[in-house]
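Written below as structure tokens is the structure these notes are about.
Number of protein chains: 2
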Amino acid sequence: MDKNILITGGAGFIGSHLTDSLLMEGYNVTVIDNLSLGRLTNLLNAQNNQRFKFIKGDILDKELLFNIFNEGNFDTVFHMAANSDIAKSHVNPDVDFNNTLTTTYNVLLAMKEYNVKNIVFASTSAIYGDTGVSVSEDFGPLFPISHYGASKLASEAYISSFCENYGFKAWITRFPNVVGERATHGAIYDFIKKLKKNPNELEVLGNGTQIKPYLYVKDLVEAILLIWKSTNEKINYFNLGVETRTTVKEIAEMVIDEMGLNAVIKYTGGNRGWVGDVPTFSYSLDKIHALGWNPKVTSNEAVRKSIRYILDKDLCIVAK
Amino acid sequence: MDKNILITGGAGFIGSHLTDSLLMEGYNVTVIDNLSLGRLTNLLNAQNNQRFKFIKGDILDKELLFNIFNEGNFDTVFHMAANSDIAKSHVNPDVDFNNTLTTTYNVLLAMKEYNVKNIVFASTSAIYGDTGVSVSEDFGPLFPISHYGASKLASEAYISSFCENYGFKAWITRFPNVVGERATHGAIYDFIKKLKKNPNELEVLGNGTQIKPYLYVKDLVEAILLIWKSTNEKINYFNLGVETRTTVKEIAEMVIDEMGLNAVIKYTGGNRGWVGDVPTFSYSLDKIHALGWNPKVTSNEAVRKSIRYILDKDLCIVAK
Chain E
-16 MDKNILITGG AGFIGSHLTD SLLMEGYNVT VIDNLSLGRL TNLLNAQNNQ
34 RFKFIKGDIL DKELLFNIFN EGNFDTVFHM AANSDIAKSH VNPDVDFNNT
84 LTTTYNVLLA MKEYNVKNIV FASTSAIYGD TGVSVSEDFG PLFPISHYGA
134 SKLASEAYIS SFCENYGFKA WITRFPNVVG ERATHGAIYD FIKKLKKNPN
184 ELEVLGNGTQ IKPYLYVKDL VEAILLIWKS TNEKINYFNL GVETRTTVKE
234 IAEMVIDEMG LNAVIKYTGG NRGWVGDVPT FSYSLDKIHA LGWNPKVTSN
284 EAVRKSIRYI LDKDLCIVAK
Chain Z
-16 MDKNILITGG AGFIGSHLTD SLLMEGYNVT VIDNLSLGRL TNLLNAQNNQ
34 RFKFIKGDIL DKELLFNIFN EGNFDTVFHM AANSDIAKSH VNPDVDFNNT
84 LTTTYNVLLA MKEYNVKNIV FASTSAIYGD TGVSVSEDFG PLFPISHYGA
134 SKLASEAYIS SFCENYGFKA WITRFPNVVG ERATHGAIYD FIKKLKKNPN
184 ELEVLGNGTQ IKPYLYVKDL VEAILLIWKS TNEKINYFNL GVETRTTVKE
234 IAEMVIDEMG LNAVIKYTGG NRGWVGDVPT FSYSLDKIHA LGWNPKVTSN
284 EAVRKSIRYI LDKDLCIVAK
């Protein structure tokens, strides 16, 4: 069993759930997180564990990162750190070039330097771009439409060349939209915020027909760990997702319902919420199903869990 | 007709041939090149032309690059600048991360800033990795095995997201091995150098069976210009190549023959020359053939032209 795990971005939405699961399974877990999107409150369970270590820091700081690797004697890196706000880098592409790609590249350099051979990577359906069809893991051509998707594809490309050049092994897991406890942003947040300002009307970007699979975060983490433990190629790569999907209109209606309001929904029109958005996305899950995994929670249920969590914790005030 | 062209890496092997062709067709051509692989002697024809301007500089210098865009009023950028020595970055991956990817990213940022909408890009068959099959342009998955291939795939990814975000158009041309006048390195050079040191024996990395298509540089430039002029999608992407192929053994024999020697060839064994090398490569050229283009020169003829040019100019001494 690999004992020492590094999780980059381990205080974040998905990273913190991974941290909890890996600690529960008996691993020693070191988390590095710059707390730009992550939160210390996500690590309340972890911090009671003697096998847990938290380092506040930015993996763009190569010297710090190399020091951590020098001391950590890691077997596997779960590289979760990234910008996760896709819309943000339309104005400034550096957000994703630095925080999504260069972070990955730095982790790979540190692994090379300190002879760490295993990387589990949080990739994304956004690498496929707007294909208009359901895509398998072997889909081509790959023309992402957001800088986030481009940066994740670029990250996959370097992971691949590092695997070949230095004998690394990689587990590349491509996420759809993920929701659930500890989510930090996205349509659900935006809707709740808007409705707190004006409980009578909710403006929704696009025409409400954008439809996507929303995977529940705990299902996602279970799948990541299964893939890591049960596949052993040089590069193991999987779409992760849920076969059910949810429209933006349904999300808006669930938020209004959970808030106990009677707000009118006004759509701005058009089939995209923002530039770089992929409006109707679905992809093939045959490969992960063949491993024996299926999500326990449907897309709609996952969205509703997320809404309830945010409302219960009143996180929309905490968050901004 | 687009009048003002910027060619990055325009003093290099391929870039300088593009420069000559575009000047001959009546365009105004500005070249920026840091002369790390490029040579001023490649621009001897160009420098007599009033429509030509040369700037010695590095496009990693963003301030310089932005100044050039500010003054240039460019219609189209031919982005050729890159590290082209694939084996080099096995030891130091930064060579390709900086010179092959970051250069591209900087060009895209400058285009965004100065509202230049058209980019012609020198991509590569190396984005496909070691597939073992003949690949079309839509092949997936994309797992490059060299940092060079990874950096070119990463570049394509950002070109794609910039196209979507800022209304750019792109012509992505994926090169095989290219040979001919003005080549700066590669197996032919290595063999000539070795034989100048020891005319009796030639050590060849691998077992000599590596087989690849070698495209003649003037055929390549003709294809690039045809694609740029005759396709008009948001992203136009083409494999470029020649259907004939040449083994490393044949190259070694042609070099010995052209040098008038009787050297014995000694193979080091194994089916790869170096880490990141794709030993037997071929890809589908149906898409470029459908545009009405076919190379005039076979792979073997192209290799022989390259050998003769290097020997005639005695470039192996000039080069190092």
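Residue numbers (this note's numbering), protein chains in the order written: chain E, -16 to 303; chain Z, -16 to 303. All residues carry an ideal CB built from backbone N, CA and C; glycine is no exception. These figures come from a predicted structure and were not determined experimentally.
So, using beta-carbon positions, are residue i and residue j closer together than 8 Å?
i         : j         : result
Z/Tyr131  : Z/Asp79   : yes
Z/Leu178  : Z/Ala246  : yes
Z/Ile42   : Z/Thr(-9) : yes
E/Gly123  : Z/Gly123  : yes
Z/Asn25   : Z/Ser(-1) : yes
Z/Asn167  : Z/Phe(-4) : The sequence shown places Thr at residue 167 of chain Z, rather than the Asn named in the question. Yes, the pair counts as a contact, with Cβ atoms nearer than the cut-off.
Z/Asn277  : Z/Gln193  : no
E/Leu136  : Z/Ala140  : yes
E/Tyr250  : E/Asn160  : no
E/Ala235  : E/Val280  : no
Z/Ile155  : Z/Ile142  : yes
Z/Ser4    : Z/Leu268  : no
Z/Ile175  : Z/Val118  : no
E/Leu92   : Z/Pro76   : yes
Z/Phe158  : Z/Leu84   : no
Z/Phe104  : Z/Ser72   : no
Z/Met151  : Z/Ile102  : Per the sequence presented here, residue 151 of chain Z reads as Phe, with Met not at that position. Cβ atoms of Z/Phe151 and Z/Ile102: closer than 8 Å.
Z/Tyr292  : Z/Glu164  : yes
Z/Ala206  : Z/Ile271  : yes
Z/Ala(-6) : Z/Val162  : no
Consult DSSP for residue i and reduce its assignment to one of helix, strand or coil.
i        : result
E/Asp305 : Since the first residue of chain E shown is -16 and the last is 303, residue 305 of chain E is not available in this structure.
E/Arg157 : strand
Z/Phe174 : helix
Z/Thr229 : strand
E/Lys303 : Reliability fails at E/Lys303, whose pLDDT of 38 lies under 50, so the model's placement of it is uncertain and no value is given.
E/Ala137 : helix
E/Val90  : helix
Z/His168 : coil
Z/Tyr111 : helix
E/Lys217 : coil
Z/Ile194 : strand
Z/Val118 : strand
Z/Asn82  : helix
E/Asn222 : strand
I need the boundaries of the beta strand (DSSP E) containing residue i, first residue and last residue.
i         : result
Z/Tyr197  : 197 to 199
Z/Glu186  : 184 to 187
E/Ser106  : 101 to 107
E/Thr(-9) : -13 to -9
E/Ile(-3) : E/Ile(-3) -> not in any beta strand (DSSP E); alpha helix (DSSP H) instead, spanning -4 to 7.
Z/Asn181  : From DSSP, Z/Asn181 is part of no beta strand (DSSP E); its letter is neither H nor E.
Mind checking which residues open and close the alpha helix (DSSP H) that includes residue i?
i       : result
E/Asn66 : Segment: none, E/Asn66 is in no alpha helix (DSSP H) and carries neither H nor E.
My parser needs the alpha helix (DSSP H) runs of 4 or more residues fully inside the region 236 to 291 of chain Z; what are they? 269 to 273
I'd like the ranges of any beta strand (DSSP E) spanning at least 3 consecutive residues and lying wholly in the region 10 to 68 of chain E. 11 to 16, 35 to 39, 59 to 62
Using 8 Å as the threshold, is the region 50 to 66 of chain Z in touch with the region 111 to 125 of chain Z, meaning 3 or more CB pairs across them?
no
| request: Please confirm if the region 84 to 99 of chain Z is in contact with the region 93 to 102 of chain E, defined as three or more CB-CB distances below 8 Å between the two stretches. | output: no
- How about the region 284 to 297 of chain Z and the region 210 to 219 of chain Z: do they share at least three Cβ pairs that are nearer than 8 Å? no
Open item on the list: Does the structure place the region 171 to 189 of chain E close enough to the region 235 to 252 of chain E that three or more beta carbon pairs sit under 8 Å?
Closed with: yes
ask   = Touching or not, the region 189 to 209 of chain Z and the region 225 to 232 of chain Z, by the rule of three or more beta carbon pairs under 8 Å?
value = yes
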